[in-house]
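Below is one structure, written out as C-alpha coordinates; the observations come after it.
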Amino acid sequence: MLNTLKANSWVLQLFTSEWPTAEPEDLIDLQTHFGMKGLFKETHTLTFWVHLLNVPEYRSIAEKAISMLIQMPTTYLC
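Here numbering that gives the first Met the number 0 is used: position 49 in the sequence shown is 48, and no number is missing along the way.
Structure representation (C-alpha coordinates):
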(Lines of atoms letter the chains of each structure in order from A and count residues from 1; the text may use other names and numbers.)
(Lines give C-alpha, C1' and ligand atoms only; values in the text may rest on other atoms or scores of the structure.)
Protein backbone atom coordinates (compact mmCIF):
# COMPACT_ATOMS: atom_id res chain seq x y z
CA MET A 1 0.00 0.00 0.00
CA LEU A 2 2.86 2.39 0.76
CA ASN A 3 4.27 1.86 -2.73
CA THR A 4 0.89 2.75 -4.21
CA LEU A 5 0.75 5.96 -2.21
CA LYS A 6 4.25 6.94 -3.32
CA ALA A 7 3.46 6.12 -6.93
CA ASN A 8 0.39 8.37 -6.82
CA SER A 9 1.94 11.26 -4.88
CA TRP A 10 2.21 13.27 -8.10
CA VAL A 11 -1.52 14.04 -7.81
CA LEU A 12 -1.00 16.10 -4.65
CA GLN A 13 2.58 17.23 -5.22
CA LEU A 14 2.72 17.70 -8.96
CA PHE A 15 5.70 20.02 -9.07
CA THR A 16 7.80 18.35 -6.36
CA SER A 17 7.33 14.60 -6.74
CA GLU A 18 8.68 11.92 -9.04
CA TRP A 19 6.63 10.88 -12.02
CA PRO A 20 4.99 7.50 -12.40
CA THR A 21 6.00 5.30 -15.30
CA ALA A 22 2.67 5.87 -17.06
CA GLU A 23 2.41 8.94 -19.29
CA PRO A 24 5.65 10.69 -18.37
CA GLU A 25 5.44 13.05 -21.37
CA ASP A 26 2.15 14.56 -20.18
CA LEU A 27 3.52 15.09 -16.70
CA ILE A 28 6.78 16.59 -17.94
CA ASP A 29 4.86 19.02 -20.15
CA LEU A 30 2.59 19.93 -17.28
CA GLN A 31 5.41 20.31 -14.78
CA THR A 32 7.34 22.67 -17.05
CA HIS A 33 4.29 24.87 -17.72
CA PHE A 34 4.82 27.91 -15.47
CA GLY A 35 1.22 29.09 -15.78
CA MET A 36 -0.06 25.76 -14.53
CA LYS A 37 2.44 25.82 -11.68
CA GLY A 38 1.02 29.14 -10.53
CA LEU A 39 -2.54 27.86 -10.82
CA PHE A 40 -1.60 24.73 -8.84
CA LYS A 41 -0.23 26.88 -6.00
CA GLU A 42 -3.21 29.28 -5.96
CA THR A 43 -6.13 26.85 -6.14
CA HIS A 44 -7.38 23.80 -4.29
CA THR A 45 -5.92 20.55 -5.63
CA LEU A 46 -9.22 19.18 -6.92
CA THR A 47 -10.10 22.54 -8.52
CA PHE A 48 -6.79 22.47 -10.38
CA TRP A 49 -7.40 19.00 -11.80
CA VAL A 50 -11.00 19.84 -12.75
CA HIS A 51 -9.69 22.91 -14.59
CA LEU A 52 -7.35 20.66 -16.59
CA LEU A 53 -10.29 18.60 -17.84
CA ASN A 54 -10.94 21.52 -20.22
CA VAL A 55 -7.38 21.42 -21.61
CA PRO A 56 -7.28 18.69 -24.30
CA GLU A 57 -3.59 17.80 -23.92
CA TYR A 58 -3.97 17.23 -20.16
CA ARG A 59 -7.45 15.70 -20.08
CA SER A 60 -6.36 12.06 -19.67
CA ILE A 61 -3.93 12.83 -16.86
CA ALA A 62 -6.57 15.02 -15.15
CA GLU A 63 -9.10 12.19 -15.30
CA LYS A 64 -6.62 9.85 -13.61
CA ALA A 65 -5.80 12.41 -10.93
CA ILE A 66 -9.46 13.12 -10.18
CA SER A 67 -10.29 9.43 -9.91
CA MET A 68 -7.49 9.05 -7.35
CA LEU A 69 -8.58 12.11 -5.38
CA ILE A 70 -12.19 11.02 -5.19
CA GLN A 71 -11.11 7.69 -3.70
CA MET A 72 -9.24 9.38 -0.85
CA PRO A 73 -11.22 9.65 2.36
CA THR A 74 -11.98 13.11 3.63
CA THR A 75 -12.89 14.45 7.03
CA TYR A 76 -14.58 17.67 8.01
CA LEU A 77 -14.28 19.52 11.26
CA CYS A 78 -17.70 20.33 12.64
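Even for Gly, the Cβ is constructed at its ideal location relative to N, Cα and C. Computed from a predicted model, the values in this text were never measured in an experiment.
Check: Which value, in whole angstroms, describes the spacing of the CA atoms of I60 and L45?
Finding: Those two C-alpha atoms are separated by around 13 Å.
Item checked: Where T44 sits in the DSSP three-state scheme -> In the structure shown, T44 sits in a helix (DSSP, three-state: H, G or I).
Item checked: Assigned secondary structure, H32 (DSSP; H/G/I helix, E/B strand, else coil) -> It is coil, neither helix nor strand.
Next item on the list: Find the nearest neighbour of L26 within the set K40, V49, V10, judged by alpha-carbon distance.
Entry: Cα-wise, what sits closest to L26 is V10.
Next item on the list: Let me know if F14 comes out buried or exposed under the rule of 16 or more other beta-carbons within 10 Å of its beta-carbon.
Entry: By the neighbour-count rule (16 or more Cβ atoms within 10 Å), F14 is not buried but exposed.
Check: For the alpha helix (DSSP H) that Q70 lies in, which residues bound it at each end?
Finding: Looking at the DSSP string, the run of the alpha helix (DSSP H) that includes Q70 is 58-70.
Next item on the list: Classify F39 as buried or exposed, calling it buried when 16 or more other Cβ atoms lie within 10 Å of its own Cβ.
Entry: By the beta-carbon neighbour count (other beta carbons within 10 angstroms, threshold 16), F39 is buried.
Next item on the list: Pick helix, strand or coil for V54, following the three-state DSSP scheme.
Entry: The DSSP-derived three-state label of V54 is coil.
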